[in-house]
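Novice:
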Amino acid sequence: MDKRKVLVVDDEAIFRRGLRHLIGISGTNWEVSGEAKDGLEALDEIERSMPDLVITDIRMPRLDGIGLQEKIRERYPEIRCFVLSGYNDFRYAQSSLRYGARDYLLKPIDKAELYRVLGQVDDELRQKELLRQADDALAGPASSPSASAAERERLLDGLVRGELPHARRGELRRAGIEFERGLYCLVAELDKESIERSRYESQEAELFSLYIRQFLEEALSGLRPGFVFRRGGSVVALLDAEVSAESREEIAGLARHLAAKIRREADLTITIGIGGGVHGLEEASKSYGEAKIALLYRLTSGGNRVLLYEDPPRQETASAKTPLTNRVYLEQALLEGEGDGLGERVRADIEQLCGSGASPGMIHEQVCRMLLEAYGLAADRGVQEEWPEGRDIGGALQGALAISSRTELAAYCADLLLSLQRLIRSGDDGGSLHAVDKVVRHIEEHYAEPITLGSMAERVYLNASYLSSLFKARLGRSFVEILTEVRVREASKRLLHTDDKIASIAYETGFSNIRHFNRVFKAETGRTPKEFRETLRPDRTNA
Numbered sequence: 167m168d169k170r171k172v173l174v175v176d177d178e179a180i181f182r183r184g185l186r187h188l189i190g191i192s193g194t195n196w197e198v199s200g201e202a203k204d205g206l207e208a209l210d211e212i213e214r215s216m217p218d219l220v221i222t223d224i225r226m227p228r229l230d231g232i233g234l235q236e237k238i239r240e241r242y243p244e245i246r247c248f249v250l251s252g253y254n255d256f257r258y259a260q261s262s263l264r265y266g267a268r269d270y271l272l273k274p275i276d277k278a279e280l281y282r283v284l285g286q287v288d289d290e291l292r293q294k295e296l297l298r299q300a301d302d303a304l305a306g307p308a309s310s311p312s313a314s315a316a317e318r319e320r321l322l323d324g325l326v327r328g329e330l331p332h333a334r335r336g337e338l339r340r341a342g343i344e345f346e347r348g349l350y351c352l353v354a355e356l357d358k359e360s361i362e363r364s365r366y367e368s369q370e371a372e373l374f375s376l377y378i379r380q381f382l383e384e385a386l387s388g389l390r391p392g393f394v395f396r397r398g399g400s401v402v403a404l405l406d407a408e409v410s411a412e413s414r415e416e417i418a419g420l421a422r423h424l425a426a427k428i429r430r431e432a433d434l435t436i437t438i439g440i441g442g443g444v445h446g447l448e449e450a451s452k453s454y455g456e457a458k459i460a461l462l463y464r465l466t467s468g469g470n471r472v473l474l475y476e477d478p479p480r481q482e483t484a485s486a487k488t489p490l491t492n493r494v495y496l497e498q499a500l501l502e503g504e505g506d507g508l509g510e511r512v513r514a515d516i517e518q519l520c521g522s523g524a525s526p527g528m529i530h531e532q533v534c535r536m537l538l539e540a541y542g543l544a545a546d547r548g549v550q551e552e553w554p555e556g557r558d559i560g561g562a563l564q565g566a567l568a569i570s571s572r573t574e575l576a577a578y579c580a581d582l583l584l585s586l587q588r589l590i591r592s593g594d595d596g597g598s599l600h601a602v603d604k605v606v607r608h609i610e611e612h613y614a615e616p617i618t619l620g621s622m623a624e625r626v627y628l629n630a631s632y633l634s635s636l637f638k639a640r641l642g643r644s645f646v647e648i649l650t651e652v653r654v655r656e657a658s659k660r661l662l663h664t665d666d667k668i669a670s671i672a673y674e675t676g677f678s679n680i681r682h683f684n685r686v687f688k689a690e691t692g693r694t695p696k697e698f699r700e701t702l703r704p705d706r707t708n709a
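Residue numbering for the sequence shown follows our numbering, starting at 167 and increasing by one per position.
(1) Throw me the rounded Cβ distance for the Val-138 and Ser-375 pair, which I believe falls under 8 Å.
(2) What's the gap between the Cα of Thr-664 and the Cα of Glu-700?
(3) Return helix, strand or coil for Thr-650, following the three-state DSSP convention.
(4) Looking only at C-alpha atoms, which of Ile-378, Arg-591, Leu-322 and Ser-215 sits nearest to Arg-339?
(5) Per DSSP, Phe-637 is paired with what?
(6) What's the gap between the Cα of Leu-461 and the Cα of His-530?
(7) By how many angstroms is the C-alpha of Arg-186 removed from the C-alpha of Ser-525?
(8) Tell me whether Lys-203 sits in a helix, a strand or coil according to DSSP, three-state version.
(9) Given that a residue counts as buried once 16 or more other Cβ atoms are within 10 Å of its Cβ, and exposed if not, what is Lys-659?
(10) Using a threshold of 7 Å, state whether the C-beta atoms of Asp-223 and Asp-168 are closer than that.
(11) Can the beta-carbon of Glu-456 be found closer than 7 Å to that of Tyr-475?
(12) Should Arg-588 be listed as close to the ligand SAH, given that the test is whether its C-beta is under 6 Å from any heavy atom?
(13) Using beta-carbon positions only, say whether Asp-357 and Gly-509 come within less than 7 Å of one another.
(14) Looking at C-alpha atoms only, which residue of His-608, Asp-666, Gly-523 and Ile-680 is the closest neighbour of Arg-126?
(15) Between Arg-225, Arg-228, Leu-229 and Ala-208, which has its C-alpha nearest Leu-219's C-alpha?
(16) Is it buried or exposed, Ile-191, if we count other Cβ atoms within 10 angstroms and call 16 or more buried?
(17) Going by alpha carbons, who is nearest to Val-444 out of Lys-458, Val-409, Glu-416 and Arg-681?
(18) Should Met-528 and Leu-490 be called a contact, given that it needs their Cβ atoms to be closer than 7 Å?
(19) Among Glu-497, Ile-221, Glu-244 and Asp-204, which has the Cα closest to the Cα of Glu-230?
(20) How should Arg-170 be labelled, buried or exposed, when 16 other C-beta atoms within 10 angstroms of its C-beta is the threshold for buried?
(21) Is it buried or exposed for Val-646, if we count other Cβ within 10 angstroms and need 16 for buried?
(22) Would you list the residues sitting across from Ala-460 in a DSSP beta bridge?
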């Protein structure tokens, strides 16, 4: 079997050589077909070798990794991309995910993680090949005699991507792909919440899209000329119809009829996005893009609907956000919530965000911010290698950006944060002890020793300013106030129950000198240490 090809793109030769070596000794079904030191060189190399996968750095001269991914998405959408990124490149990595990156790898590269993603892409490509064979079998004798089902689907896919050079118009005609009056694009997606989880997990997700495709093909047969094909997890229909308000309403009514019928017959629901009508093949991608945008509004309106491109509200709500993007709030939710309680809290916050009037883009941005904050907490706790489970943070962000169902997005976020909670708690001594509780316990046991906010922050793997904000949020008081309270309390006990000299008591309770002790003690109790002892122990009047 021929090996799959990977192109390595990085402006540092040492990284390119290192990746080539790691892939060469991996024992996987991959080989490095070429290298490039920037995005422009990479485009030339892609044209020459047509790799299955591109692994690219983000920061490069001439054409950076984000620009390269955008070009790859436009010209070679079947090529997978992975991004090399440093921890501080999260903002760039998030942009790259929006331009089609499948995932990203943190530098320095972990060999096991590299082999995991290579195996993952190999599995995906193998599954896609099997599904293409299944599509060919489904198409059967209905195929045009001059084009296979796979070839026709490739042409349709290129059509909705906007890749239609005039030289290929003849290929479309030979494949029978023509629209005499105009064109409307419909994109249908399964509402996963309409299916019992066990039913969905027991079957390959792709089987549901195959079923929806077959259902739409049969239902549309004889009603509307057009084509139905699968693209990712979606089913796309391109319908031949005049561009008019009447056609638009007729197609919307047909879509509602199809959605109702599939619900009755298959006990599942779908949401359909409909793009505007266009007059020529070269505008098919415009209608497709509008259908995808309309479908995103499932986040705000819920599933089991037909959404037309013009229908969704377009205003941005700048103030709409989830409190889960606040790191203190998020940590409190993780460390104080209990199992189902945390899940319910996260789902409620995401549902509230989706119902706030924010656009889908803003909702996705807020969710990505939340996941990046969660990853920061995982790093603080030393569990970032284990979370998210089965993938890295790039995969988690990609998964969120692909969701257009509010229920599914809420469940997705809840599952991720619950898994992080389990990891954090399994690593804590004594169960779910909060970082603030750990610091307070240490103060109570070691108040006589030098204690600073910085030293305590290091002890619980947080930065000092963040730990300070946690004290305020959890206890309503500052770190210094708690430390002072404990020391004054212990000093008070010694003043009342021992005959130790005041200077000794000051030293033994963590105060560096008697003058500082006198000032702090009086500020806390209203009396100097000597006055406190004389008032409450009249038998003991000397210092």
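Where is the CB? At the ideal position from N, CA and C, for every residue including glycine.
If you're wondering where the values come from, they're calculated on a predicted model, not measured in any experiment.
Specialist: For this structure:
(1) Absent from the model: residue 138. The displayed extent of the chain is 167 to 709, so no value can be given.
(2) Taking the sequence shown and counting its residues from 1, one reaches residue 664 at position 498. Taking the sequence shown and counting its residues from 1, one reaches residue 700 at position 534. Approximately 13 Å, taken between the alpha carbons.
(3) Numbered from its first residue, the sequence shown carries residue 650 at position 484. Three-state result, Thr-650: helix.
(4) The residue labelled residue 339 in the question sits at position 173 within the sequence shown. Ranked by Cα distance from Arg-339, the options Ile-378, Arg-591, Leu-322 and Ser-215 are led by Leu-322.
(5) Looking up residue 637 in the sequence shown gives position 471. DSSP, once it has assigned bridges, lists no residue as partnering Phe-637.
(6) Stepping through the sequence shown from its first residue, residue 461 is reached at position 295. Stepping through the sequence shown from its first residue, residue 530 is reached at position 364. For Leu-461 and His-530, the distance between alpha carbons rounds to 14 Å.
(7) Your numbering for residue 525 matches position 359 in the sequence shown. Your numbering for residue 186 matches position 20 in the sequence shown. For Ser-525 and Arg-186, the distance between alpha carbons rounds to 43 Å.
(8) Counted from its first residue, the sequence shown places residue 203 at position 37. In this structure, Lys-203 counts as coil in the three-state DSSP scheme.
(9) Here residue 659 refers to the residue found at position 493 of the sequence shown. By the neighbour-count definition (other C-beta atoms within 10 Å, threshold 16), Lys-659 is an exposed residue.
(10) For this step, residue 223 is matched to residue 57 along the sequence shown. For this step, residue 168 is matched to residue 2 along the sequence shown. No. Outside cutoff.
(11) Position 290 of the sequence shown, counted from the first residue, corresponds to residue 456. Position 309 of the sequence shown, counted from the first residue, corresponds to residue 475. Contact: yes.
(12) Because no ligand of any kind appears in the structure shown, any question about the ligand SAH cannot be addressed here.
(13) Against the sequence shown, residue 357 aligns to sequence position 191. Against the sequence shown, residue 509 aligns to sequence position 343. No, the pair does not count as a contact, with Cβ atoms beyond the cut-off.
(14) Residue 126 falls outside the range modelled here, since the chain spans only 167 to 709, and no answer is possible.
(15) Position 53 of the sequence shown, counted from the first residue, corresponds to residue 219. The candidate whose alpha carbon is nearest that of Leu-219 is Ala-208.
(16) For the purposes of this step, residue 191 is taken as residue 25 along the sequence shown, with counting starting at 1. Burial is judged here by how many other beta carbons sit within 10 angstroms of a residue's own beta carbon; Ile-191 has fewer than 16 and is exposed.
(17) The residue you call residue 444 lines up with position 278 of the sequence shown. Looking only at Lys-458, Val-409, Glu-416 and Arg-681, the smallest Cα-Cα distance to Val-444 is reached by Val-409.
(18) Numbered from 1 along the sequence shown, position 362 holds the residue referred to as residue 528. Numbered from 1 along the sequence shown, position 324 holds the residue referred to as residue 490. Not closer than 7 Å, so no.
(19) Counting from 1 along the sequence shown, the entry for residue 230 is found at position 64. It is worth fixing the name first, because residue 230 is Asp in this sequence and not Glu. Asp-230 has its Cα closest to that of Asp-204, out of Glu-497, Ile-221, Glu-244 and Asp-204.
(20) The sequence position of residue 170 within the sequence shown is 4, counting from 1. Classification for Arg-170: buried.
(21) In the sequence shown, the residue the question calls residue 646 occupies position 480. For Val-646, the number of other beta carbons within 10 angstroms of its own is below 16, and it is reported as exposed.
(22) For this step, residue 460 is matched to residue 294 along the sequence shown. Answer is none; Ala-460 lacks a bridge partner.
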